[in-house]
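Residue numbers (our numbering): 4 to 282.
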């Protein structure tokens, strides 16, 4: 192998090493892209193993907005004297004081670590004014929580369906049957008066054990069905001078638990559990 050939091989190796180093440098940092039509407003997928390149321009400020509940615990800059910087709410603002202020910025919050490289913007490009992140870990937690709520709701609705199978329609009526509902039942918790008619509807009174009455006309109206949020041994329906007495032959003073926690068919009310946010 002559000297000229060895020199050519050496130069090729050096060039390859430089190209590899440049390629590694080029992919070492994530450059956030525009969230929409404004190139000043950028977004990036958060990855704790990545660093992010943010382009600045002297005289223009930039804000990094963290997710809700995320607060800055600390941080540092390679050249802090060249910058004005500080936290505000769930964000962090910074603005260069010098033309050549390129440096790195590391931010530690109560949830994450952010590693940024601040570089001067290219001549014909736009500087970054706002940076927001998309958080896969938060989305994964939300999806898991939604799946858990769905399972819980299905279980409650299944219990409600089993409870509904024990609904009671054992009622006697005495008096002016012109006031009678077309259907009447209860589920051990609420009483349902169905009136499939165009005539005037009577007022509904609960009859107490001492014979006194209390108006219980419901605000819960579902088409032709008036839903009284209670059960009773006796009701009276009144319209002008007409009266219809109703007796519940299967009345249970203790009622029946509605596992779904709601009166809307096919739905369940779930207790919202607050997740620890680290605030």
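C-beta atoms are modelled at their ideal positions from N, C-alpha and C, and glycine is treated no differently.
Where residue i falls, given that 16 or more other Cβ within 10 Å makes a residue buried
i: residue 251; result: buried
i: residue 218; result: exposed
i: residue 247; result: buried
i: residue 35; result: buried
i: residue 214; result: exposed
i: residue 256; result: exposed
i: residue 211; result: exposed
i: residue 96; result: exposed
i: residue 180; result: exposed
i: residue 154; result: exposed
i: residue 83; result: exposed
i: residue 52; result: exposed
i: residue 222; result: exposed
i: residue 226; result: exposed
i: residue 190; result: buried
i: residue 194; result: buried
i: residue 27; result: Because residue 27 carries a pLDDT of 47, less than 50, the predicted location of this residue cannot be relied on, and no value is offered for it.
i: residue 24; result: With a pLDDT of 48 at residue 24, under the threshold of 50, the modelled position of that residue is not reliable, and the figure given next carries that caveat. Exposed is the call here.
Where the beta strand (DSSP E) containing residue i begins and where it ends
i: residue 216; result: 216-218
i: residue 206; result: 206-210
i: residue 98; result: 94-99
i: residue 86; result: 86-91
i: residue 223; result: 223-225
i: residue 243; result: From DSSP, residue 243 is part of no beta strand (DSSP E); its letter is neither H nor E.
i: residue 254; result: Element bounds for residue 254: n/a, residue is neither H nor E.
i: residue 81; result: Where residue 81 is concerned, there is no enclosing beta strand (DSSP E), given that its DSSP letter is neither H nor E.
i: residue 197; result: 194-197
i: residue 34; result: Neither: residue 34 is in no beta strand (DSSP E) and is coded neither H nor E.
i: residue 58; result: 54-59
i: residue 49; result: Where residue 49 is concerned, there is no enclosing beta strand (DSSP E), given that its DSSP letter is neither H nor E.
i: residue 73; result: Here residue 73 belongs to no beta strand (DSSP E), and DSSP marks it neither H nor E.
i: residue 178; result: 174-178
i: residue 182; result: No beta strand (DSSP E) contains residue 182, which DSSP labels as neither H nor E.
Residue i and residue j closer than 8 Å at C-beta
i: residue 224; j: residue 197; result: no
i: residue 100; j: residue 87; result: yes
i: residue 105; j: residue 122; result: yes
i: residue 201; j: residue 187; result: no
i: residue 58; j: residue 131; result: yes
i: residue 206; j: residue 241; result: yes
i: residue 81; j: residue 113; result: no
i: residue 234; j: residue 254; result: yes
i: residue 90; j: residue 111; result: no
i: residue 182; j: residue 245; result: yes
i: residue 66; j: residue 133; result: yes
i: residue 118; j: residue 54; result: yes
i: residue 98; j: residue 56; result: no
i: residue 1; j: residue 141; result: Shown here, the chain extends from 4 to 282; a query on residue 1 therefore has no answer.
i: residue 129; j: residue 43; result: yes
i: residue 109; j: residue 78; result: yes
Residue i Cβ short of 7 Å to the ligand COA heavy atom set
i: residue 118; result: Of ligands this structure carries none, so the ligand COA is not represented either.
Examine the Cβ distances between the segment 122-138 and the segment 33-53 and report whether three or more of them are shorter than 8 Å. yes
For the pair the segment 57-69 and the segment 144-151, tell me if three or more CB-CB distances fall below 8 Å. Pairwise C-beta distances place the segment 57-69 out of contact with the segment 144-151, as fewer than three of them are shorter than 8 Å.
Would you mind listing the beta strand (DSSP E) stretches within the segment 94-159 that are 3+ residues and don't spill past its ends, in chain order? 94-99, 106-112, 116-123 and 133-137
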